[in-house]
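Heads up: the protein sequence lines correspond to chains Y and F, in order. The opening position of the first sequence corresponds to residue 1 in the numbering used here, with each subsequent residue numbered one higher. The opening position of the second sequence corresponds to residue 1 in the numbering used here, with each subsequent residue numbered one higher. We treat Cβ as the ideally placed atom computed from N, Cα and C, and that holds for glycine. Input: a single structure, listed below in structure tokens.
There are 2 protein chains.
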Amino acid sequence: MILASGNAHKLAEVCHILGRDDIQLSPQGLGEPVEDDVTFAGNALIKARYVAERTGEAVLADDSGICVDVLGGAPGVFSARWCGRHGADQENLDLLLAQLADVRPEHRGAKFVCAAVFVQPGGREIIATGTMTGTLLTEPRGAGGFGYDPIFVPDGYDRSAAELSATEKNLISHRGQAFRALALELERLGLS
Amino acid sequence: MILASGNAHKLAEVCHILGRDDIQLSPQGLGEPVEDDVTFAGNALIKARYVAERTGEAVLADDSGICVDVLGGAPGVFSARWCGRHGADQENLDLLLAQLADVRPEHRGAKFVCAAVFVQPGGREIIATGTMTGTLLTEPRGAGGFGYDPIFVPDGYDRSAAELSATEKNLISHRGQAFRALALELERLGLS
Chain Y
1 MILASGNAHK LAEVCHILGR DDIQLSPQGL GEPVEDDVTF AGNALIKARY
51 VAERTGEAVL ADDSGICVDV LGGAPGVFSA RWCGRHGADQ ENLDLLLAQL
101 ADVRPEHRGA KFVCAAVFVQ PGGREIIATG TMTGTLLTEP RGAGGFGYDP
151 IFVPDGYDRS AAELSATEKN LISHRGQAFR ALALELERLG LS
Chain F
1 MILASGNAHK LAEVCHILGR DDIQLSPQGL GEPVEDDVTF AGNALIKARY
51 VAERTGEAVL ADDSGICVDV LGGAPGVFSA RWCGRHGADQ ENLDLLLAQL
101 ADVRPEHRGA KFVCAAVFVQ PGGREIIATG TMTGTLLTEP RGAGGFGYDP
151 IFVPDGYDRS AAELSATEKN LISHRGQAFR ALALELERLG LS
């Protein structure tokens with residue numbers, strides 16, 4: 001099975017969540033589709049279909065992001081390119097913190113959202129979603145995780161998502177919920 | 001009367017809208033309040049009250065911004081500090097264009113929103129709002145206006161807000177509507 005992604009952090013997380021080690025990143029040189037949908041599920045399908053069509057393999061993909069209450073749900077599907085270009089985790093995080101510098105604690109609610117999909121070439125398409133609600137910090141904390149994890153404290157915790165162990169985080173995370181729900185559905189359908 | 005602002009472009013626009021030339025920018029050295037409300041009207045009141053309390057004069061203020069559909073209404077009240085710092089029009093505009101680079105024409109709807117307020121020291125507070133709907137371009141066009149004007153085409157027009165004359169723009173703009181409504185209300189109350 002292929003995970004339609006170039007992100008090794010994401011692959012490690014998905015393998016951990018699913019308890020599998022037989023999943024691989026997209027083959028190099030495949031190119032990348034334009035993720036121009038305005039929903040997480042739409043963009044995840046764009047990525048998965050692109051790789052499934054070109055490899056003939058069954059493909060997993062996800063699209064996920066952080067949705068900030070006072071930004072009406074943005075960055076949302078733009079989370080990975082918030083600073084204007086893809087794959088700049090630190091700049092994305094720094095920009096979001098700077099934009100929200102004057103926002104008081106009671107208005108710093110946010111949630112992570114993930115849509116995980118499975119696409120069979122010419123066959124089934126399955127979608128599952130997960131959400132993790134919490135609060136944004138004013139400074140990064142912790143060295144684990146990736147993306148916006150260091151500035152996000154999940155509800156019911158006093159540590160940031162980057163201060164949780166992989167096991168703790170995956171148990172409650174948007175991605176954990178989405179991929180576990182997806183795996184259950186694939187098992188039910190005999191597709192896993 | 002004072003306009004609680006340090007922006008000479010905004011002063012010119014407000015004077016033009018109201019047909020007055022007796023309005024001045026905030027006195028220098030007054031400092032600036034933290035605009036930490038999450039609504040346009042709330043931030044306009046913060047600015048106006050700050051200046052009214054320190055000068056003893058009647059004060060006008062506005063807070064305005066651009067609300068992008070696919071961003072759930074963001075940048076919104078963060079429009080003037082979208083790149084992470086205040087007063088960087090070009091950087092704010094460049095960032096928004098880069099964030100939306102992959103967004104298709106049918107999803108590029110947006111609106112400008114303005115809340116205009118009048119505050120008497122220890123007295124009345126009046127709020128009026130205005131909205132201008134339109135579509136975002138992929139590249140700036142036109143040399144007039146300021147802020148996000150060069151990338152915004154108002155509904156019913158084929159030119160950007162920066163390609164309209166001051167008279168054309170102020171007739172339809174969010175700020176024009178808000179300040180004209182405010183002036184009417186002040187006149188009705190005998191406060192103008």
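> What's the gap between the Cα of L96/Y and the Cα of L191/F?
Replying inline: 42 Å
> Which residue from I17/Y, A74/Y, G19/Y puts its Cα closest to that of T39/Y?
Replying inline: A74/Y
> Are V103/Y and H174/Y closer than 8 Å when you measure CB to CB?
Replying inline: no
>> Using C-beta distances below 6 Å, list every residue in its chain close to A52/F, excluding the 5 sequence neighbours before and after it, in chain order.
In response: V59, V119, P121
> List, in order along the chain, the chain F residues whose C-beta lies closer than 7 Å to that of R81/Y?
Replying inline: Q99
>> Does any residue of chain C have a CB that is nearer than 8 Å to the CB of V34/F?
In response: Reference to chain C is not applicable here, since the protein chains of this structure are Y and F.
>> So, with DSSP's three-state summary, where would you put V113/F?
In response: strand
> In chain order, which beta strand (DSSP E) runs of at least 3 residues are fully inside the segment 16–88 of chain Y?
Replying inline: 59–68
> Taking C-beta to C-beta, are A116/F and L182/F nearer than 8 Å?
Replying inline: yes
> If you follow the beta strand (DSSP E) that I127/Y is part of, which residue opens it and which one closes it?
Replying inline: 125–136
>> Alpha carbons only, please: which of L11/Y, A161/Y, E168/Y is nearest the one belonging to E139/Y?
In response: A161/Y
> Under a CB-based cut-off of 8 Å, is V107/Y close to chain F?
Replying inline: The question names Val, yet the displayed sequence has His at residue 107/Y. By this cut-off, H107/Y is an interface position.
>> For a test of the three-state rule: what should DSSP assign to F230/F, helix, strand or coil?
In response: The requested residue 230/F is not part of the displayed model; chain F covers only 1 to 192.
>> Quick check on the burial criterion: 16 or more other C-beta atoms within 10 angstroms. Buried or exposed for E106/Y?
In response: exposed
>> Could you tell me which whole alpha helix (DSSP H) segments of length 4 or greater appear in the segment 143–190 of chain F?
In response: 166–172, 174–188
> Can you find a CB in chain Y that lies within less than 8 Å of the CB of F78/F?
Replying inline: yes
>> Just verifying my parser: in three-state terms, what is the DSSP assignment at L100/Y?
In response: coil
> Relative to chain Y, which residues along the segment 42–76 of chain F have a C-beta separation below 9 Å, given in chain order?
Replying inline: C67, V68, D69, V70, L71, G72, G73, A74, P75, G76
> If L201/F and F152/F are in contact, beta carbons under 8 Å, what's the gap, nearest whole angstrom?
Replying inline: Coverage of chain F is limited to positions 1 through 192, which leaves residue 201/F absent and any answer about it impossible.
>> For P33/Y and A128/F, I'd like the C-alpha separation in whole angstroms.
In response: 45 Å
> So which residues of chain Y does L95/F contact, with C-beta pairs closer than 7 Å?
Replying inline: G84
> Of all Cβ atoms in chain Y, is any one closer than 8 Å to the Cβ of R104/F?
Replying inline: yes
> Does V38/Y have its Cβ less than 8 Å from a Cβ in chain F?
Replying inline: yes
> Would you call the CB atoms of D158/Y and G109/Y closer than 8 Å?
Replying inline: no
> Can you give the Cα-Cα distance for K10/F and G142/F, rounded to whole angstroms?
Replying inline: 18 Å
> Taking the DSSP output, what are the residues bridged to L193/F?
Replying inline: Not covered by the structure: residue 193/F. The range shown for chain F is 1 to 192.
>> Closer than 8 Å is the cut-off here; do at least three beta carbon pairs connect the segment 164–173 of chain Y with the segment 78–94 of chain Y?
In response: no
> Which whole-angstrom value is the C-beta distance of V14/F and I2/F, which I expect to be below 8 Å?
Replying inline: Incorrect: roughly 11 Å between the Cβ atoms, too far for contact.
> What residues are listed by DSSP as bridge partners for L3/Y?
Replying inline: L25/Y, L60/Y
> Buried or exposed: which applies to S5/Y, given that a residue is buried once 16 or more other Cβ atoms fall within 10 Å of its Cβ?
Replying inline: buried
> Roughly how many whole angstroms lie between the Cα atoms of S26/Y and V77/Y?
Replying inline: 21 Å
> Just to confirm, are Y50/F and L93/F a CB contact at a threshold of 8 Å?
Replying inline: no
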